[in-house]
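Peer 1: Got a structure here, written out as structure tokens. Questions coming.
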DNA sequence: ATGACTGCAAAATATTTGCATATTC
DNA sequence: GAATATGCAAATATTTTGCAGTCAT
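Chains as they are written, first to last, in our numbering: chain A, 1 to 138; chain B, 1 to 138.
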């Protein structure tokens with residue numbers, strides 16, 4: 001929670017308990033949770049928290065670059081507290097969303113084709129290593 | 001329409017008028033339309049077409065690789081009839097979604113970190129060339 | 001005639017908004 | 001006490017589903 005508080009303060013955001021809880025959960029969690037996931041989890045500690053607050057907070061956090069908003073699933077947002085440049089891999093067989101520690105070479109200079117880059121989003125869909133192994137065993 | 005028919009047949013999909021119309025629109029259109037956009041446009045030619053059919057068709061077409069499904073906007077799908085590998089750029093100032101004719105170097109060999117790649121999704125958000133110019137003029 | 005396709009209406013899901021209450025400085 | 005944050009309920013938007021009617025072979 002202290003880490004979360006510091007990060008919020010560094011952006012001039014008032015570190016309310018709810019905001020710290022949301023950010024803290026994302027910082028300690030590399031599962032790329034949905035809003036529902038985050039809400040369910042926080043309910044255990046803060047029985048009065050509302051989904052509206054979770055939505056508000058996530059919007060504010062991603063607007064400030066403290067978390068990333070992932071549009072990988074067709075109609076559900078996911079959030080990522082790990083904001084170092086990286087890509088994702090969605091396995092179409094087991095559904096796992098895997099972090100890939102690779103960067104986009106095209107974004108190195110902060111712009112592409114004359115356009116200024118603020119965010120880089122890269123993800124792949126396919127069959128993950130583990131599912132490939134399972135397939136071969138058959 | 002003939003081009004669309006051929007592509008449908010090549011995938012073993014029955015080329016109904018509705019399906020040809022959806023695919024044909026996407027092939028002749030590089031605007032990355034939403035379902036609503038496509039529906040509105042097709043209504044002019046096919047006053048009885050339903051949004052359900054548009055949804056069904058788009059799902060089938062993207063499942064067969066005839067069009068791409070873009071998850072760039074937060075809660076609205078966009079579709080792209082241009083399926084050569086390329087990336088996109090979303091301008092946060094003017095809202096334009098621009099095609100970038102660049103490929104993902106990480107995907108060259110068809111897999112990343114041992115995972116088999118079926119789809120590559122790369123997009124950037126930022127300020128486009130034109131909006132940067134306008135900013136400078138001030 | 002059979003199976004596939006279409007389209008309407010209703011349902012499900014995700015997200016946003018309006019507003020009253022509560023909290024913080 | 002003024003400004004900000006929270007939380008409930010209602011509204012909106014998008015997508016999916018169930019099903020009856022239609023079309024094509």
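Just so it is clear, CB atoms sit at the ideal spot from N, CA and C, and this is done for glycine as well.
At least one CB of chain B closer than 8 Å to the CB of residue 124 (chain A): is that the case?
Peer 2: True, the Cβ-Cβ gap to chain B drops below 8 Å.
Peer 1: Ordered along the chain, which non-local residues of its own chain (more than five positions away) have a Cβ less than 8 Å from that of residue 127 (chain B)?
Peer 2: Answer for residue 127 (chain B): 91, 92, 93, 135, listed in chain order.
Peer 1: List the DSSP bridge partners of residue 86 (chain B).
Peer 2: Its beta-bridge partners do not exist; DSSP assigns none.
Peer 1: Apart from the five residues on each side of it in sequence, which residues of its chain come closer than 7 Å, Cβ to Cβ, to residue 100 (chain B)?
Peer 2: Cβ within range, chain order: 86, 87, 88, 89.
Peer 1: Which residues bound the beta strand (DSSP E) around residue 72 (chain B)?
Peer 2: That run of the beta strand (DSSP E) goes 68–73.
Peer 1: Between which two residues does the alpha helix (DSSP H) holding residue 9 (chain B) run?
Peer 2: Start and end: 2–10.
Peer 1: Look at the Cβ atom of residue 121 (chain A), then the Cβ atom of residue 123 (chain B), and state whether they are nearer than 8 Å.
Peer 2: Their beta carbons are under 8 Å apart, which means residue 121 (chain A) touches residue 123 (chain B) by this criterion.
Peer 1: I'd like to know if residue 104 (chain B) contacts chain A, where contact means its C-beta is closer than 8 Å to some C-beta of that chain.
Peer 2: Yes, its Cβ sits closer than 8 Å to a Cβ of chain A.
Peer 1: Between the alpha carbons of residue 132 (chain A) and residue 13 (chain B), how many angstroms are there, rounded?
Peer 2: Their backbone Cα atoms lie some 29 Å apart in a straight line.
Peer 1: Which class does residue 50 (chain B) belong to by DSSP, given the choice of helix, strand or coil?
Peer 2: Coil.
Peer 1: Near residue 46 (chain A), which residues of its chain fall below 8 Å by C-beta distance, leaving aside the five closest residues on each side in sequence?
Peer 2: The answer, listed in chain order, is 17, 18, 21.
Peer 1: Please classify residue 106 (chain B) as buried or exposed, where buried requires at least 16 neighbouring CB atoms within 10 angstroms.
Peer 2: Residue 106 (chain B) comes out buried.
Peer 1: Note down, in chain order, all residues in the region 29–45 of chain A with a beta-carbon under 9 Å from any beta-carbon belonging to chain B.
Peer 2: Of all residues in the region 29–45 of chain A, none has a Cβ within less than 9 Å of some Cβ in chain B.
Peer 1: Which of the three DSSP states, helix, strand or coil, is assigned to residue 93 (chain A)?
Peer 2: Three-state DSSP puts residue 93 (chain A) in coil, outside helix and strand.
Peer 1: Using DSSP with H/G/I as helix, E/B as strand and the rest coil, what is residue 111 (chain B)?
Peer 2: Looking at residue 111 (chain B) - three-state DSSP - the assignment turns out to be strand.
Peer 1: Pick out whichever of B:83, B:110, B:125 has its Cα sitting closest to the Cα of residue 97 (chain B).
Peer 2: Out of B:83, B:110, B:125, B:125 has the C-alpha closest to the C-alpha of residue 97 (chain B).
Peer 1: Answer with yes or no whether the minimum CB distance from residue 107 (chain A) to chain B is below 8 Å.
Peer 2: So, interface residue.
Peer 1: If the cut-off is 8 Å on Cβ atoms, which residues from the region 59–84 of chain B count as contacting chain A, listed in chain order?
Peer 2: Those residues of the region 59–84 of chain B that come within reach of chain A (Cβ to Cβ, closer than 8 Å) are 69, 71, 72, 73, 74, 75, 77.
Peer 1: State the start and end residues of the unbroken alpha helix (DSSP H) segment that holds residue 24 (chain B).
Peer 2: Start and end: 17–27.
Peer 1: Listing by chain order, which chain A residues have their CB less than 7 Å from the CB of residue 114 (chain B)?
Peer 2: The answer, in chain order, is 129.
Peer 1: Please check if any C-beta of chain B sits within less than 8 Å of the C-beta of residue 120 (chain A).
Peer 2: With 8 Å as the cut-off, residue 120 (chain A) counts as an interface residue toward chain B.
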